[in-house]
Amino acid sequence: MTSVTSAPVPARVVLSQADIDRALTRIAHEILEANKGSRDLVLLGIPRRGYPLALRLADKIAAADATVDAAAIVGQLDVTMFRDDLSHQGTRPPYPTKLPRTGIDNKVVVLIDDVLYSGRTIRAALDALVDLGRPRIVRLAVLIDRGHRELPIRADHVGKNLPTSSAEKVRVRLEETDTPEGGTPVNEVVIEGGA
Amino acid sequence: MKHLLSTQDLSLSNAIRILDTAEEMSAVGEREVKKLPALRGRTVVNLFFEDSTRTRISFEAAAKRLSADVINFAAKGSSVSKGESLKDTAQTLSAMGADAVVIRHWASGAPHRLAATDWIDAGVINAGDGTHEHPTQALLDAFTMRRHWARLAGTPSEGTDLKGLRVAIVGDVLHSRVARSNVWLLRTLGAEVTLVAPPTLLPVGVEQWPCSVSYDLDQTLANGVDAVMMLRVQGERMNASFFPSTREYSRRWGFDDNRLRALDDLGMTDTIIMHPGPMNRGLEISAAAADSPRSTVLAQVRNGVSVRMAALYLLLSGDSREPAATRAPAYTAPPIKESI
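As given, the protein sequences belong to chains F and S, one line each in that order. According to my numbering, the first sequence is numbered sequentially starting from 793. According to my numbering, the second sequence is numbered sequentially starting from 1215.
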């Protein structure tokens, strides 16, 4: 693909590694507060970047509440097969769905994703959840809410509200998913393009 | 990927992509709701010019688990018996809006013909053509072997190939599309393949294939194998005397009770016995071997659905082709009569 613009794309960092870490710490405490403790809590990350975020949140929740085993409350929820744009986008390979051993029936499931944009991924996630069981409550935590919703969906816990134009691209780079081979790990959120 | 016609032109990355996708699909079969909405509103036609039980049912189950609509077409009892050509049948299906055609045909190359012409604008999956290829069977065999191989290595099977796996394909190679597809695919995945058959049941030019050839099953077993794939003796294609008697065939090239015991005696505890089905029990495989814990016959059938789901999903999702419904022409308002 050839680039149309010759000028380098302006990219600015909106969240640094420390900012991401602070936001996740706050979200972890918000989740515990909203749930009045860690009872029945299950964190489901949406691939790709929601899953490492879910792992980080679980560690922070375990640090705040000694009764929690971080590994036992985290899962991954693949929504690929439930998307409404399968026939318009390029073929997407499905990722594994891994649920905690306790399952999700009667649990408080917190869906975790990196960026909340149109809301369509979350709609797909809600459909995927229904096929796996019946949670008591479903909440949504995202690192970035950039607006431009196309569906009546909102997040319960937001790392940062980021007003953007739809011409801009919000990129979340996490060391778990975005470290180039032999490169240095990065943890940042940048905005590319736009005016 | 638009069509799945042959394993010969399947690249390593594409083969692993299909197997990895199948791995995710197999998880669906263990869930309470065994259905995914991925292919909602798509139509899959099973076009079968030759008899089949498991392949057709397997494709039907795969398409239905992905929420596609399935139309089954069997040549028997259709206009084909009145002499309708493949082209006219294909164009009829195209006019009915088929998004994918799963075709089994007695003529080698029929799926290629369908894919290469403009008779029908749909993805074509070869479900067995003559004595040529049967790619989804090879993929499900590879999937079964990969799971076995990964379990032995103690690693998850996602992303792995079959490097180092020793496979013996035994029996009627001459008439077997399963053997051909397996030879190409297993070579791509890095396995070492040995064909074992009476000389009369080996095709001309087999020495050009990327595999070794043996006439002696006992010797091949003694050399060590990780998977033995028994092929069906295809009675319906036996139009000449390829071997003196079924008894002699069974003694020299069948997997009988003695050879089952020999595997234990040789200490090959992890060798699996595969068969694409349907089995001629007592001819190429004994009942004891078919029902032994080494046998993967039923696992192969189960994996067949997952692999076919993966193939249908990868073929039918994505925008590599024009959407079936073209955008409606822009609405132009009728001229408004000026009120007087």
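Just so you know, even glycine gets a beta-carbon here, dropped at the ideal spot from N, CA and C.
Residue i - containing beta strand (DSSP E), residue span
{"i": "His880(F)", "result": "His880(F) -> no beta strand (DSSP E), and no H or E assigned at all."}
{"i": "Ile933(F)", "result": "In the sequence on display, residue 933(F) carries Ala and not Ile. That run of the beta strand (DSSP E) goes 929 to 937."}
{"i": "His949(F)", "result": "949 to 953"}
{"i": "Leu1218(S)", "result": "That residue, Leu1218(S), is in no beta strand (DSSP E); it is neither H nor E in DSSP."}
{"i": "Val1337(S)", "result": "Note that residue 1337(S) is Gly in the sequence shown, not Val. 1337 to 1343 is the span of the beta strand (DSSP E), which, as asked, contains Gly1337(S)."}
{"i": "Arg804(F)", "result": "803 to 807"}
{"i": "Arg1365(S)", "result": "Premise fails: Arg1365(S) lies in the alpha helix (DSSP H), 1349 to 1367, not in any beta strand (DSSP E)."}
{"i": "Gln868(F)", "result": "866 to 868"}
{"i": "Ala1441(S)", "result": "1441 to 1444"}
Segment limits, alpha helix (DSSP H) that includes residue i
{"i": "Ser1227(S)", "result": "1226 to 1242"}
{"i": "Ser1464(S)", "result": "1460 to 1467"}
{"i": "Gly842(F)", "result": "842 to 856"}
{"i": "Leu1474(S)", "result": "1471 to 1479"}
{"i": "Ile838(F)", "result": "Ile838(F) -> no alpha helix (DSSP H), and no H or E assigned at all."}
{"i": "Glu973(F)", "result": "No alpha helix (DSSP H) holds Glu973(F); DSSP gives it neither H nor E."}
{"i": "Arg1327(S)", "result": "1324 to 1330"}
{"i": "Asn1437(S)", "result": "1431 to 1437"}
Residue-chain proximity (residue i, chain S), Cβ-Cβ < 8 Å
{"i": "Ser910(F)", "result": "no"}
{"i": "Asp882(F)", "result": "Note on identity: in this sequence residue 882(F) is Gly, with Asp being the wrong assignment. Yes - at least one Cβ of chain S is within 8 Å of the one on Gly882(F)."}
{"i": "Thr969(F)", "result": "no"}
{"i": "Asp923(F)", "result": "yes"}
{"i": "Thr889(F)", "result": "yes"}
{"i": "Pro885(F)", "result": "yes"}
{"i": "Leu847(F)", "result": "no"}
{"i": "Leu878(F)", "result": "yes"}
{"i": "Glu980(F)", "result": "no"}
Minimum Cβ-Cβ distance from residue i to chain F less than 8 Å
{"i": "Ala1241(S)", "result": "yes"}
{"i": "Pro1251(S)", "result": "yes"}
{"i": "Glu1244(S)", "result": "no"}
{"i": "Val1247(S)", "result": "yes"}
{"i": "His1235(S)", "result": "Position check: residue 1235(S) holds Thr in this sequence, whereas His was assumed. Yes, its Cβ sits closer than 8 Å to a Cβ of chain F."}
{"i": "Arg1231(S)", "result": "yes"}
{"i": "Leu1403(S)", "result": "no"}
{"i": "Leu1528(S)", "result": "yes"}
{"i": "Ser1520(S)", "result": "no"}
{"i": "Gly1532(S)", "result": "yes"}
{"i": "Ala1411(S)", "result": "no"}
{"i": "Glu1421(S)", "result": "no"}
{"i": "Glu1238(S)", "result": "yes"}
{"i": "Arg1541(S)", "result": "Caution applies to Arg1541(S), whose pLDDT of 38 falls short of 50 and renders its modelled position unreliable; the value that the coordinates give is listed next. Not one chain F Cβ lies under 8 Å of Arg1541(S)."}
{"i": "Thr1221(S)", "result": "no"}
Proximity below 8 Å, CB of residue i to CB of residue j
{"i": "Asp906(F)", "j": "Leu943(F)", "result": "no"}
{"i": "Val982(F)", "j": "Ala803(F)", "result": "yes"}
{"i": "Ala1321(S)", "j": "Gly1344(S)", "result": "yes"}
{"i": "Glu1406(S)", "j": "Arg1380(S)", "result": "yes"}
{"i": "Ser1308(S)", "j": "Asp1335(S)", "result": "yes"}
{"i": "Ile823(F)", "j": "Leu869(F)", "result": "no"}
{"i": "Gln1264(S)", "j": "His1319(S)", "result": "The sequence as given places Glu at residue 1264(S); Gln does not occur at that position. Taking 8 Å as the Cβ cut-off, Glu1264(S) and His1319(S) qualify as a contacting pair."}
{"i": "Pro1251(S)", "j": "Phe874(F)", "result": "yes"}
{"i": "Val901(F)", "j": "Val871(F)", "result": "no"}
{"i": "Glu980(F)", "j": "Lys961(F)", "result": "no"}
{"i": "Gly1518(S)", "j": "Ser1272(S)", "result": "yes"}
{"i": "Leu1233(S)", "j": "Ala1324(S)", "result": "no"}
{"i": "Leu1435(S)", "j": "Leu1366(S)", "result": "no"}
{"i": "Phe1469(S)", "j": "Val1442(S)", "result": "yes"}
{"i": "Ala846(F)", "j": "Leu835(F)", "result": "yes"}
{"i": "Ser1464(S)", "j": "Gly1496(S)", "result": "yes"}
{"i": "Arg928(F)", "j": "Asn898(F)", "result": "yes"}
Problem set entry | Segment contact, 8 Å Cβ cut-off, at least three pairs: the stretch 880 to 892 of chain F with the stretch 846 to 859 of chain F | Result no; under three Cβ-Cβ pairs closer than 8 Å.
Problem set entry | 3 or more residues per run - each beta strand (DSSP E) lying fully within the stretch 1241 to 1317 of chain S | Correct list: 1257 to 1262, 1283 to 1288.
Exercise. Unbroken alpha helix (DSSP H) runs of length 4 or more, entirely within the stretch 1481 to 1531 of chain S: which are they?
Worked result: Counting only unbroken stretches of 4 or more residues, the alpha helix (DSSP H) elements lying wholly within the stretch 1481 to 1531 of chain S are 1501 to 1504, 1511 to 1530, in sequence order.
For this session: Count the CB pairs spanning the stretch 1399 to 1408 of chain S and the stretch 1274 to 1289 of chain S that are closer than 8 Å, and state whether there are at least three.
Result: Under the three-pair Cβ rule at 8 Å, the stretch 1399 to 1408 of chain S does not count as touching the stretch 1274 to 1289 of chain S.
Exercise. Does the stretch 1373 to 1393 of chain S come within contact of the stretch 1521 to 1531 of chain S, defined as at least 3 CB pairs closer than 8 Å?
Worked result: The stretch 1373 to 1393 of chain S is not in contact with the stretch 1521 to 1531 of chain S.
Exercise. Unbroken alpha helix (DSSP H) runs of length 4 or more, entirely within the stretch 1378 to 1409 of chain S: which are they?
Worked result: Taking 4 residues as the minimum length, the alpha helix (DSSP H) runs contained wholly in the stretch 1378 to 1409 of chain S are 1391 to 1403, in order along the chain.
For this session: Counting only runs of 3+ residues fully inside the stretch 892 to 918 of chain F, write out the beta strand (DSSP E) ranges in chain order.
Result: 900 to 908, all fully within the stretch 892 to 918 of chain F.
Problem set entry | contact_flag[the stretch 1450 to 1465 of chain S, the stretch 1478 to 1490 of chain S] where n(CB pairs < 8 Å) is 3 or more | Too few Cβ pairs lie closer than 8 Å, so no.
Exercise. Would the stretch 1216 to 1234 of chain S and the stretch 1506 to 1515 of chain S be scored as touching if the rule is three or more Cβ pairs under 8 Å?
Worked result: The stretch 1216 to 1234 of chain S vs the stretch 1506 to 1515 of chain S: no contact.
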